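Undergrad: Quick one: structure below, then a few questions.
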Amino acid sequence: MSEVRVRFPPSPTGYLHIGGARTAIYNWLFARKHGGKFILRIEDTDADRSTQESIDGILDGMKWLGIDWDEGPYFQTEFAGEHVEKAQQLLADGHAYKCFCTKEDLDAKREAAMAAKKQLGYDGTCRNLTSDEVAHKEAAGIPYVVRFKVPHKDGVVSYDDKVLGLIKRKYSEIEDFVIVRSNGKPLYLLCNVVDDIRDRISHIIRGQDHMTNTTRQILIYEALGAKIPVFAHMPLTLDLKKAKISKRSHGEIVAVQFYQQHGFLPWALVNFLVLLGWNPGDDREIFSKEELIETFSLERINKAASIFNYRKGDPKFFTDPKAININAQYLRTIPVEELAGYVKEELQANDLWDDAYEGDKKEWFLKTLEMIRERFHTIKDFVADGRAYFTDDFQINEKALKKNVLKHPGLKEWLPMLADRFDQLPELTTEEAERVAREFAEEIEVKVGIPINAARAVITGQLKGPSMFELFELFGKERVVSRLRNAPKYFEDQS
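Residue numbers (numbering that gives the first Met the number 0): 0 to 494.
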């Protein structure tokens, strides 16, 4: 294979969409696997909608995901002169012509074709105008667009799609399409090809919604005498109602930044997005960066549309369950020192950070993360469900309060009594905590689970979690005793 050069050409008209991110990731993986180049090109020709904020959002989103580029970002507007030059070349070489049909003319032609049940499309009225006729219309100030002259011959435009196989489209099914607007500005169809030729793009990996463009763009490549890239069209991403995922229809839930803000780890989201339209050929779901680069191939991109299980309303499981599960697996398995960096940012954002967690409390901090991450799904959980580990200002989960504390009125006295027993110990170790708790339960003639589950609720605020005996040692005697002695207030609050 000659040098692999791929590109990601987003339009800066909004945030980085997960569909766009997936396109970038596939291109990036392909380039990295083959030792090629990944080019970032911002297609900013829509001046009315393109914003610096959107450009910044795209760049920040890609950096957060870890998708780096080798060249760029280039901006399409910087090459406007080249686009016009190539349009003039196509006119001069007879591959394009000036079309003076008005909108009213085209609407009338379309209605007539529909009435006659004929194929819709431009009928070529201006295709064979003589040079004198063209000059006369121009002199009269009649506006025109430039149309590409599709060959009038039998046969097909064909290409070997690396995902879908051999694709064919008859010349007769392709109308003479517009490549330059009446204001003199070239359209996407032409600009995109000119940019790809200049950037020496070898492979174009993009969504199946571009397939109509592909056959027309191949004609432009041929007319410009350029080598045609290899094409690979990815499946579209649909919601449960089989509607295409879009910024307009689905809002922020499909923005990369949304996942960053809701506690996802960057590579976990990359991992999920890759699997949203590609499979490794086995049942693996979790990949390191190196494994994914090694395993990725265009041939294993799915042909059928992928389904994004879009959900609203649930603050904890707010998106596709598979995405949540993959993120949870990463939380449990990445090195705890790496996890600590993400948790630090979340604690800082909630005014819970203590600089001692990087000083004399570092060992305790890392041990705490190691113990509690098993049940968490996002970084947000370290504050939402793990708040009691980092501050005394926390609330007990309502279910835990009702089930494990208030259900047993005797706990109003038993928990402070247990606190006194712990307070008498020289040191509150896991072993000593278990011994004292079991002896205490026998003394008050209840199952040990009753005071232990209640202690979990008033100490951690949660219904479930790591071994409570280990947590007694983790929290330390002072905090354990204080929170157990404070337990009667939960009964008083109910009166």
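Each residue gets a CB set at the ideal place from its N, CA and C atoms; glycine is no exception.
Keep in mind the model is a prediction, meaning the values are calculated, not measured.
1) Pull up the distance between the alpha-carbon of V273 and that of G358, whole angstroms please.
2) Would you call P234 buried or exposed, if buried means 16 or more other Cβ atoms sit within 10 Å of its Cβ?
3) Where does D55 land, buried or exposed, given buried means 16+ other C-beta within 10 angstroms?
4) How many angstroms separate the CA atom of D195 from the CA atom of K243?
5) If you run the structure through DSSP and keep just helix, strand and coil, what is V447?
6) Could you pull out every unbroken alpha helix (DSSP H) segment of at least 4 residues lying fully inside the region 161-249, listed in chain order?
7) I want to know whether the region 21-29 touches the region 214-222 - three or more CB-CB distances under 8 Å.
8) Look at V144 and S171 and say whether their C-beta atoms are less than 8 Å apart.
9) Throw me the rounded Cβ distance for the V5 and G34 pair, which I believe falls under 8 Å.
10) What separation, rounded to the nearest whole angstrom, lies between the Cα atoms of H94 and E298?
11) Which first and last residues belong to the alpha helix (DSSP H) in which L71 is found?
12) Can you check which of these residues, E433, E477, I217, L268, is closest to P150 by C-alpha distance?
13) Could you name the residues of the same chain whose beta carbon sits closer than 6 Å to that of V435, not counting the 5 residues immediately before and after it, in chain order?
14) On a Cα-Cα basis, can you pick out the residue from N270, E469, F307, F393 that is closest to F295?
15) When we look at the beta-carbon of N326 and count the other beta-carbons within 10 Å, is it buried (16 or more) or exposed?
16) Locate the alpha helix (DSSP H) running through A112, then write down its first and last residues.
17) Going by DSSP in three states, R159 sits in which element: helix, strand or coil?
18) Does G60 pass the burial test, meaning 16 or more other C-beta atoms within 10 Å, or should it be called exposed?
19) Under DSSP, the beta strand (DSSP E) around F7 begins and ends at which residues?
20) Please name the residue, chosen from A303, A453, Q260, H82, that lies closest to A348 on a Cα-to-Cα basis.
21) Just how far apart, CA to CA, sit T367 and L424?
22) Please name the residue, chosen from L58, N403, D92, L237, that lies closest to N41 on a Cα-to-Cα basis.
23) Specify the secondary structure class of K97 as computed by DSSP and reduced to three states.
24) By how many angstroms is the C-alpha of S49 removed from the C-alpha of D153?
25) So what does DSSP say about L275, is it helix, strand or coil?
26) Tell me which residues share the same chain as D159 and place their Cβ nearer than 7 Å to its Cβ, disregarding the 5 neighbours each side in the sequence.
27) Quick one: what's got a C-beta closer than 8 Å to L338's C-beta in the same chain, skipping five residues either side?
28) Check the DSSP bridge columns for I300 and list the partner residues they point to.
29) DSSP puts K136 in a beta bridge; with which residues?
30) Under 8 Å, do S10 and D45 count as touching if we go by C-beta distance?
TA: Taking the definition as stated:
1) 39 Å
2) buried
3) exposed
4) 27 Å
5) coil
6) 187-197, 210-222, 246-249
7) no
8) no
9) Wrong, their Cβ atoms sit about 12 Å apart, outside the cutoff.
10) 34 Å
11) In the sequence as displayed, the identity of residue 71 is Gly instead of Leu. No alpha helix (DSSP H) holds G71; the beta strand (DSSP E) holding it covers 70-74.
12) I217
13) If we look at V435 and ignore the five residues flanking it on each side, its Cβ neighbours are R420.
14) N270
15) N326 comes out buried.
16) 102-114
17) First, the amino acid is wrong: residue 159 is Asp here, not Arg. Strand at D159.
18) G60 counts as buried, since at least 16 other C-beta atoms from the protein chains shown sit within 10 angstroms of its C-beta.
19) 4-7
20) Q260
21) 22 Å
22) Note that residue 41 is Ile in the sequence shown here, rather than Asn. The shortest Cα separation from I41 among L58, N403, D92, L237 belongs to L58.
23) strand
24) 41 Å
25) coil
26) Here the set comprises L165.
27) L330, L368, R372
28) W277
29) Looking at the DSSP assignment, K136 forms no beta bridge with any residue, so it has no partner.
30) yes
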